[in-house]
Structures are given as C-alpha cells and as structure tokens.
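UniProt numbering numbers the first residue of the sequence shown as 1 and each following residue consecutively.
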Amino acid sequence: MKYSSPEEVPADLMKKVVKIQSDKQYSEFLETLPSDLADEAKKYQSFADIPEDFFEKIKSCPKVREAGY
1 MKYSSPEEVP
11 ADLMKKVVKI
21 QSDKQYSEFL
31 ETLPSDLADE
41 AKKYQSFADI
51 PEDFFEKIKS
61 CPKVREAGY
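#1: Please classify residue 58 as buried or exposed, where buried requires at least 16 other C-beta atoms within 10 Å of its C-beta.
#2: How far does the alpha helix (DSSP H) with residue 18 in it extend, from its first residue to its last?
#3: Helix, strand or coil: how does DSSP classify residue 50 here?
#4: Below 8 Å between beta carbons: does that hold for residue 66 and residue 54?
#5: Relative to the alpha-carbon of residue 35, which residue among 64, 11, 68 and 2 has its alpha-carbon at the smallest distance?
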C-alpha cells in the first residue's frame, strides 16, 4: 500500500520503520568503532541504552567524530 504523506502511515507501522532505521544506524555506528569499543557497545541494543560514561569514551574516538556521531 502506498501513502501520499507520512501522516497517512498508521502509527504501529511508523514505529516499525523508525526501529528498523534506528537499528541500521546503530549497526553502522558500531562499524565506526575500534574493535575494543565495538565489543563493549554490542552489549547495548541502541544509542539510548549506552551509559553516559561509555558514550564519552566513544566520542573521543577519531572515526566516530569523522562519521558525525
């Protein structure tokens, strides 16, 4: 089924689309991390699950800054 605007998309379908996009972005994000940080980040399901102290460690990584995260 085609929708002519985002407002026409049912809320439950929109949530699934957003989740898929978020999961894809998170897996792309994991690929930018050095292996030691990536292994630790894989313990979390999404950006929202990453604790603040670990996020600060990640932000100092040059590849992460280059990727714009």
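Every residue, glycine too, gets a C-beta built ideally from N, C-alpha and C.
In short:
#1: Result: buried.
#2: 11-32
#3: coil
#4: no
#5: 64
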